[in-house]
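Residues in the sequence shown are numbered from 320 upward in steps of one, following our numbering.
We put the CB at the ideal spot given by N, CA and C, even for glycine.
Just so we're clear, the structure is a prediction, and the values are computed from it rather than from any experiment.
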Amino acid sequence: MATALVIENDPTDDARRLGEWLTEAGLELWVVRPHAGDELPADLEGYAALVVLGGDQQAYPLPDGSPGAQWFPAVEGLLRKAVRYRVPTLAVCLGAQLLATAHAGLVERSPSGPEIGPGVVGRRDAAENDPLFRYVPLIPDVLQWHADEITELPRGATLLAASTRYPHQAFRLGDRAWGLQFHIECDAAMIADWATDAAQLAELGYDPELVVAACASVLPDIEEVWQPFAARFAALALGELDDSTMRRGLPLLGH
């Protein structure tokens, strides 16, 4: 069975439903938790895919110049290798921001303020030629929970989804690495745990119980869109999805 390396950056943001969808589609998951002291591999040899999850840390350096987490340089190194060697990669929220910073994109505290709760994003025209996004609806439901944003995409990135306040919601690097600013992995219990951070919600004037209820109400719609998306990603990793037509028209980063 093909194995995906899953990097869990924060104990509050595990693979959850995304992990279930990937395993149902035939991928075995090898989860590494550097936040708990697990050592990251030096390369992606033997892995069919890479998944990088979210977290409460920041993708840009702290005021003293140190990384947002001590293992982030190693994660960025793996993300660069994944793009260079065309290892199918899916990076979510903080993971997407690290995918951007690993390739000279820019992540900053968003001047628009935090984005929290259910929302929608708009699929861009470029998604028509994307093996994962071409089947995503024009305005899919998503869950948001972030205060930082990707303000500049890496050079050569393809923007696949946007919103009015946060224009870089989903992008692709090369032909096999995707970054999603929004969350697709959450279940209601995960959102309820996040909502205990009352200070962040109070900043927006949100009632935690209402946020959890609103998020829970859209979970079926999110599954309807993003479970097939995850299955297509797994199929790509398993060599069951033909992306040769798209690849012929793409410049590949690192080549």
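Looking at the secondary structure, which residues open and close the alpha helix (DSSP H) in which Ala480 lies?
Residue numbering aside, residue 480 sits at position 161 when the sequence shown is read from its first letter. Not the alpha helix (DSSP H): Ala480 falls in the beta strand (DSSP E), residues Thr477 to Ala481.
Span separating the alpha-carbon of Asp512 from that of Leu472
Residue 512 sits at position 193 when you count from the first residue of the sequence shown. Residue 472 sits at position 153 when you count from the first residue of the sequence shown. When rounded, the distance between both Cα atoms is 30 Å.
Who pairs with Gly438 in a beta bridge, going by DSSP?
If you number the sequence shown from 1, residue 438 lands on position 119. In the DSSP output, where bridge partners are listed per residue, Gly438 has Val461.
Output yes or no for whether 9 Å exceeds the beta carbon distance between Gln500 and Ile469.
Translated into the one-based positions of the sequence shown, residue 500 becomes position 181. Translated into the one-based positions of the sequence shown, residue 469 becomes position 150. Cβ atoms of Gln500 and Ile469: closer than 9 Å.
Quick check on Leu529: buried or exposed, where buried means 16 or more other Cβ atoms within 10 Å of its Cβ?
Locating residue 529 in the sequence shown gives position 210, counting from the first residue. Exposed: under 16 other Cβ atoms inside 10 Å.
With a threshold of 9 Å between beta-carbons, can Phe501 be considered close to chain B, or not?
The structure shown contains no chain B, having only a single protein chain.
With Val530 as the anchor, note down where its beta strand (DSSP E) starts and where it stops.
Counting from 1 along the sequence shown, the entry for residue 530 is found at position 211. Val530 -> not in any beta strand (DSSP E); alpha helix (DSSP H) instead, spanning Pro527 to Ala556.
Quick one: residues in its chain with C-beta nearer than 8 Å to the C-beta of Pro456, no 5 flanking neighbours on either side, listed in chain order?
Within the sequence shown, the letter at position 137 stands for residue 456. Answer for Pro456: Arg442 and Val544, listed in chain order.
Using CA coordinates, which residue listed in Ala415, Gly338 and Ala550 is at the minimum distance from Glu504?
Along the sequence shown, one-based indexing puts residue 504 at 185. Taking only the C-alpha atoms, the option nearest Glu504 is Gly338.
Does the segment 539 to 557 touch the segment 356 to 363, meaning 3 or more C-beta pairs lie closer than 8 Å?
no
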